[in-house]
Amino acid sequence: MIVWAVLALALCGVLPTLTEVVDDFRDCSEFFYKRSQPQGFDQNAHKICQKFDDSSYFASLYSTAHRIPLYSAYTFNYACNNEEGRKTGNWFIEPQLSKHENPAYSNVIYMQRYTARESQNIKAKQAVNDDYSHTGYDRGHLNPNSYQCGRGRTATFTLTNSAPMDACFNRVHWKEWEAAVIRILKEQHPAGTAYLVPGTAYQVTGKAYLVTGTVPSPHNRRIPMQGIFDNDNERDYNRVTVPTHIWTAVCYDHPDDEEESFSFGYIGVNNPHGIIKVESVQQLTRRLSTLYGSTNLNIFADDCSFPNSKKRKSEKLAKKLLKTVQQPMVNRLSMSPDAGNLLHTALSHSDDEGQLYPTKRVKITDLKVDFIYNSVQAWTTGMEDMKFASGVSCSLDTPSIVADHPPAVRDELRRKRQTSQELFCRLRPEVLDDCSTSCLYIDQAKDYYCSTGYVTVRCSPTYSDITVKGQRCNSDHTCGHHGRDYYWCNTGNSWNYCSPPLPLGKTSKGLYCNSKRNCAHYGSRNLWCDIGDSWDYCTR
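Residue numbers (numbering that gives the first Met the number 0): 0 to 539.
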């Protein structure tokens, strides 16, 4: 069987690539940051090492239940020119996945083409080309072939490294993000010069670890099969699960200078208009934990975070991706007809040569955007996400009650404001004294920190515009420390306490505090908070 597989590949003009379904990733652990594989994914999925001779190319965790990989872990090859690779050609399968259907496959150590002769045995555990034929879905690479070269590029063309991606999402949106990451990694400076013998030297770069994964549809949505099989009796439907999301996490580890190390992630909805968002690895991990329903999910060891970094390079690169890739692609604004008419009228009359007195330029002087969340966790996650990528905070506020609103609408807004049934926040730039980066919550320190550019310091985030009594804080003195060890703000006539930022405290009754009146002293020597109908002492 081994001889047959090698000959088959040789006749096809393809260099044989060794593949191995393994019990653990020990033999290809070099693709994982700190040699620690991602945790919290399907424990019944199969581990696959893609190797050739003594060289390894990447590692995949493959779900035979969904017939797609849950993730592929790989490193960036700086030696390649990283030009756009081919998208069509020979695709291969992993015979070892079907060794229980055919024991002879246990000894087939190379990828091979799918043939009708092994149809039922192979299709029992993995996808085949027919699953994608005439469906509108691409065989989307997780480990991009453009990130590799030579045999490494060939190794990416296995169906255990591909998942159904909407053609527009894959060829337009996802492709642009992959290209942006290539540019960022290529821009990284060498780590320094290492001397082998006198007179000879070479430069060493940091190592970029990447993990790209899928989120299988919770409703087990499958590709609607329309491909033509060799035998009508073998026609199958809905075999391959379509992912709802595709995501990538990047961890760049500089061996000599932690200030040059960084990490970030991005995730997109797998549809023609799927919006892709940049996030911190920590935020991406939290989001995936919810999507997977996993309580111990982890992509990188320690989230590949560098909390002591003064440059906060992760944040700066995230903001760069937001401005250069994410924002230009998000051109679908949702607004009221009146707001849309105002905006488009203003833009259409900018530098209008057809006017006798053309407007030189349009200047937007005021923009109000309100977000409404139905849970505290959704708001705090969204706020940290915004600050990390854009430097814009979404501060807790009260809903605008306009006199022109009908009485029933005004009453409903007041009720929701008073009962905290909904959380309103308003977008505003986060401008903090002494901070050159956003003020973000650091899990390891259990507090908020920013960088001055020279040192990392504790900070109070821009997160709330209201006091514990529901009064609005002045725009120039929102809720913060303001030189004290508690949170307060100026309301014009006086100063008043305001709620400390999240995470929420928990009371002695086991209840979580109200987000607008979180654990604090509030003039008392004890820590306490509002739990709705009453106040209670905090335990943490």
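Glycine is no exception: its CB is placed at the ideal position from the N, C-alpha and C atoms.
- Residue pairing by DSSP places residue 215 opposite 242 in a beta bridge.
- Around residue 246, the same chain offers 212 and 266 as residues with beta carbons nearer than 6 Å, after the five sequence neighbours per side are excluded.
- Comparing alpha-carbon positions, the option among 522, 167 and 511 lying closest to residue 532 turns out to be 511.
- In the structure shown, residue 425 adopts extended strand secondary structure according to DSSP, grouped into three states.
- In the three-state reduction of the DSSP assignment, residue 458 falls in the coil class.
- Fewer than three pairs of CB atoms, one per stretch, sit closer than 8 Å, so the segment 132-146 makes no contact with the segment 38-47.
- Across the set 100, 95 and 99, the C-alpha of 95 shows the shortest separation from the C-alpha of residue 111.
- For a cut-off of 8 Å, the C-beta gap from residue 209 to residue 248 is around 7 Å, short enough to register as a contact.
- Here residue 472 is not near residue 451, since their CB atoms are 8 Å or more apart.
- Counting C-beta pairs with one atom in each stretch, the segment 375-382 and the segment 262-276 have fewer than three that are closer than 8 Å, which means they do not touch.
- Contact fails between the segment 303-319 and the segment 286-293, because fewer than three Cβ pairs, one in each stretch, are under 8 Å apart.
- When the beta-carbon positions are compared, residue 485 and residue 479 stay at least 8 Å from each other.
- If you draw a straight line from the Cα of residue 535 to the Cα of residue 500, it is about 18 Å long.
- The Cβ atoms of residue 30 and residue 89 lie no closer than 8 Å to each other.
- Between residue 162 and residue 242, the alpha-carbon positions lie close to 7 Å from each other.
- Linking residue 284 to residue 74 through their CA atoms gives a straight-line distance of about 19 Å.
- Here residue 311 has 436 and 450 as same chain residues with Cβ atoms under 7 Å from its own Cβ, once five neighbours each way along the sequence are excluded.
- By the CB criterion at 8 Å, residue 168 and residue 271 fall inside the cutoff.
- In this structure residue 324 is buried. Its beta-carbon is surrounded by 16 or more other beta-carbon atoms within 10 angstroms.
- When the Cα atoms are used, residue 529 and residue 513 turn out to be separated by approximately 6 Å.
- Comparing alpha carbon positions, the residue from 297, 40, 93 and 150 closest to residue 126 is 93.
- In the three-state reduction of the DSSP assignment, residue 282 falls in the helix class, which pools H, G and I.
- Within the model, the alpha-carbon separation for residue 263 versus residue 153 is close to 27 Å.
- Residue 345 has its alpha-carbon roughly 44 Å from the corresponding atom of residue 258.
- Rounded to the nearest whole angstrom, the CA to CA distance from residue 293 to residue 38 is 10 Å.
- Bridge pairing for residue 221: 240 [DSSP].
- Taking residue 186 as reference, the option from 131, 260, 170 and 526 with the minimal CA-CA separation is 260.
- In the DSSP secondary-structure assignment, residue 20 is bridged to 47.
- Under the DSSP assignment, residue 487 falls in the beta strand (DSSP E) whose first and last residues are 487-489.
- Nearest to residue 367 by alpha-carbon distance, out of 55, 71, 396 and 386, is 396.
- Here residue 386 has 392, 429, 437, 438, 439 and 460 as same chain residues with Cβ atoms under 8 Å from its own Cβ, once five neighbours each way along the sequence are excluded.
- DSSP, reduced to helix, strand and coil, places residue 387 within a helical segment of the structure shown.
- For the segment 244-278, not one full-length alpha helix (DSSP H) segment reaches 4 residues or more.
- Counting only the Cα atoms, residue 382 lies some 29 Å from residue 523.
- Residue 538 and residue 463 have their C-alpha atoms roughly 23 Å apart.
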